[in-house]
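In order, the protein sequences belong to chains Y and E.
Every number in my numbering is 49 more than the matching position in the first sequence, counting from 1.
Every number in my numbering is 49 more than the matching position in the second sequence, counting from 1.
We put the CB at the ideal spot given by N, CA and C, even for glycine.
First up is the structure itself, then whatever we jot down about it.
Protein chains: 2
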Amino acid sequence: MPKLVECVPNFSEGKRREVIETIVDQIRNRKGVRLLDYSADENHNRMVITFVGEPRAVREAAFYATKKAAELINMEEHKGAHPRIGSTDVIPLIPLEGVTMKECVQLARDLGKEIAEKLKIPVYLYEEAAIREERKNLENIRRGGYEALKKEITKPERCPDFGQPLLHPTAGATVVGARMPLIAFNINLGTTDIKIAKRIAKDIRASSGGLMHLKAIGVELKKEGLVQVSMNITDYKTTPLYRVMELIKAEAKRYGVSVRESEIIGLVPLDALIDASTFYLQIRDFSPDQILERRIQK
Amino acid sequence: MPKLVECVPNFSEGKRREVIETIVDQIRNRKGVRLLDYSADENHNRMVITFVGEPRAVREAAFYATKKAAELINMEEHKGAHPRIGSTDVIPLIPLEGVTMKECVQLARDLGKEIAEKLKIPVYLYEEAAIREERKNLENIRRGGYEALKKEITKPERCPDFGQPLLHPTAGATVVGARMPLIAFNINLGTTDIKIAKRIAKDIRASSGGLMHLKAIGVELKKEGLVQVSMNITDYKTTPLYRVMELIKAEAKRYGVSVRESEIIGLVPLDALIDASTFYLQIRDFSPDQILERRIQK
């Protein structure tokens, strides 16, 4: 089995087509990696690229994209609502096939060190690759965004993990890490009462004592006349989709509200869906080897 | 996309290892097909082989396995409880990838014609490949087994679709057809009352007015202290797993009985599981392209 790592870097540019394409070119044209998707958001002035490949090629592609972003994006001039600290804001590495999380952590640290040494961009390590416990959580690293970090980077608690405590003049700083694939999962409730969505979000998310590895906020969908619990599941193996769904159903019931529908934004790992079907169908001793397509591939 | 057909022929030999292996060799050693599985049952004195490949190679492999079985298995001496009419009893062809059901029907008819002409074995066409409406159902073709067919084959209603109305002296007759992949799905009920399993099986199966494409019987699991509704779903796209599960749950409720667990015997097509997860998770507008692994493969 070939080793396969996914990389989903975020860049602080969502408007200038030429800049976007030039950065994407660093990945598109590199041997050993495959560009799966990229999308730029004008409102957030931000873009995300999804690509996969064998570990060494992924590291190389991420490095050259970061280098190009440092040349083309000037954080001193960047405006955007989304919290960000650099032209290449965050680089998550995700083990997909034949690669352990430990290997991905090492890959993230090697990449971070290279970016700091060769590009002079200070690097923070997050999630599984974090060296400092409080930096597991990306929000702690990005607190206050580029503007706040510029003032506070010399403070010991904001000192980068690689490189000097000094922002790169245009590229700012970068966060590199390793994590499980996350699932963006939204559940729409049959009510217009945003208080209910916010209350449920608060009750079920990890940060306020709910399910581990679950981030959730309540959002109003004015056009649809519904409210939504908008979520990220950062470890779907520990916190499976079905558990999130069943818990929200139970919480919504106390308000006499039903689940109208759900949506998965972007990609979802296959075993997250298989897991849900074996749960609901109560299948005993199910083995993925029983899946016809998988047997054929072997 | 390469064209891929699955073939699951059944042979009337479940005991003699050498005979079994020699028949399997016809498939194992043929270019263009891949042997996925074979299993022989001593009690039923019967074996089933599962293999896949491109249509022409599958047809060729099935033909040579049938030829070998005619040489090695003498139906005059065969004993077995399972209804059967020939040394190669039934050859189902299943469209998997890049092949329509219509193409599989044509493949089945071509194969049937070839077996009748070259091997002098009379052939019946069943399921989607059936020419006579009443032969869609395999049970109608095999009624009374080899012994009854030997007496009745000259009757107009039992006349084969290809070949003369005369059994092959050793190989008997063969059934060839095309069908969807079937799913063997069993649901165990938390009761020892076999009457409940039998009653539910009767209420939900197609033959007594229940769900289309569903065969069901009630079975006692003495060791486990449970009863089981044992099923074959012959078209899981029309009759999905979740509908079967939910209907059985509802029917069981009237007896105050719960579903203890289910099991899938053998292989299951991936989209049958995806379908169940999107149903239970209420996912709106889900596209299989959102599955990470599928995106990577493209």
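Residue(s) in a DSSP beta bridge with residue i
{"i": "Y/H217", "result": "Y/G221"}
{"i": "E/K264", "result": "E/N281"}
{"i": "Y/I143", "result": "Y/E55"}
{"i": "E/A227", "result": "E/L142, E/E176"}
{"i": "Y/L84", "result": "Y/F100"}
{"i": "Y/N189", "result": "Looking at the DSSP assignment, Y/N189 forms no beta bridge with any residue, so it has no partner."}
{"i": "Y/N235", "result": "Y/S279, Y/E312"}
{"i": "E/F211", "result": "E/V172"}
Interface partners of residue i on chain Y, CB under 7 Å
{"i": "E/I313", "result": "I332, F335, Q339"}
{"i": "E/A325", "result": "S326, Y329, L330"}
{"i": "E/P230", "result": "L341"}
{"i": "E/L270", "result": "Per Cβ cutoff of 7 Å: no residues; E/L270 is ~12 Å from chain Y at best."}
{"i": "E/L187", "result": "By Cβ distance, chain Y contributes nothing, its closest Cβ being about 21 Å from E/L187, past 7 Å."}
Alpha carbon of residue i to alpha carbon of residue j, nearest angstrom
{"i": "Y/V276", "j": "Y/N235", "result": "10 Å"}
{"i": "Y/L231", "j": "Y/K199", "result": "30 Å"}
{"i": "E/P205", "j": "E/R228", "result": "26 Å"}
{"i": "Y/M294", "j": "Y/S257", "result": "18 Å"}
{"i": "E/N189", "j": "E/E183", "result": "7 Å"}
{"i": "E/G147", "j": "Y/P132", "result": "46 Å"}
{"i": "E/P104", "j": "E/G161", "result": "14 Å"}
{"i": "Y/V225", "j": "Y/D284", "result": "18 Å"}
{"i": "Y/I266", "j": "Y/A250", "result": "5 Å"}
{"i": "E/S279", "j": "E/T99", "result": "21 Å"}
{"i": "E/E152", "j": "E/L145", "result": "11 Å"}
{"i": "Y/R181", "j": "E/F328", "result": "42 Å"}
{"i": "E/I76", "j": "E/S88", "result": "14 Å"}
{"i": "E/V97", "j": "E/T149", "result": "24 Å"}
{"i": "Y/R207", "j": "Y/Y173", "result": "9 Å"}
{"i": "Y/L168", "j": "Y/V154", "result": "21 Å"}
{"i": "Y/V82", "j": "Y/A110", "result": "8 Å"}
{"i": "E/T126", "j": "E/A165", "result": "The sequence given here places Glu at residue 126 of chain E; Thr does not occur at that position. About 22 Å."}
{"i": "E/Y304", "j": "Y/L290", "result": "31 Å"}
{"i": "Y/G221", "j": "Y/R344", "result": "48 Å"}
{"i": "E/K264", "j": "E/T288", "result": "11 Å"}
{"i": "E/E196", "j": "E/V107", "result": "30 Å"}
{"i": "E/G212", "j": "E/M124", "result": "18 Å"}
{"i": "E/E55", "j": "E/P141", "result": "8 Å"}
Neighbouring residues, chain Y, relative to residue i (Cβ below 8 Å)
{"i": "E/E342", "result": "P318, L319"}
{"i": "E/E310", "result": "Q331, I332, R333"}
DSSP-derived helix/strand/coil call for residue i
{"i": "Y/T288", "result": "coil"}
{"i": "Y/A325", "result": "helix"}
{"i": "E/Y304", "result": "coil"}
{"i": "E/T240", "result": "coil"}
{"i": "Y/I134", "result": "coil"}
{"i": "Y/E89", "result": "Reading off the sequence shown, one finds Ala at residue 89 of chain Y, where the question assumed Glu. Correct three-state label for Y/A89: strand."}
{"i": "Y/A110", "result": "helix"}
{"i": "Y/T203", "result": "coil"}
{"i": "E/V97", "result": "strand"}
{"i": "E/N123", "result": "coil"}
{"i": "E/S256", "result": "helix"}
{"i": "Y/E312", "result": "strand"}
{"i": "Y/V276", "result": "strand"}
{"i": "E/L319", "result": "helix"}
{"i": "Y/I170", "result": "coil"}
{"i": "E/L330", "result": "coil"}
{"i": "E/E342", "result": "helix"}
{"i": "E/E269", "result": "strand"}
With 16 other Cβ atoms within 10 Å as the buried cut-off, status of residue i
{"i": "Y/A299", "result": "exposed"}
{"i": "E/M261", "result": "exposed"}
{"i": "E/S336", "result": "exposed"}
{"i": "E/P218", "result": "exposed"}
{"i": "Y/R191", "result": "buried"}
{"i": "Y/R333", "result": "exposed"}
{"i": "Y/R65", "result": "exposed"}
{"i": "Y/D138", "result": "buried"}
{"i": "E/S61", "result": "buried"}
{"i": "Y/I314", "result": "exposed"}
{"i": "Y/T115", "result": "buried"}
{"i": "Y/S311", "result": "buried"}
{"i": "Y/P51", "result": "exposed"}
Where residue i meets chain Y, residues with beta-carbon distance less than 9 Å
{"i": "E/I345", "result": "L53, E55, R83, L85, V101, L145, E146"}
{"i": "E/Y291", "result": "S326, Y329, L330"}
{"i": "E/M294", "result": "Y329, L330, Q331"}
Where residue i meets chain E, residues with beta-carbon distance less than 8 Å
{"i": "Y/L260", "result": "Within 8 Å Cβ-Cβ: nothing; Y/L260 doesn't reach chain E, min ~16 Å."}
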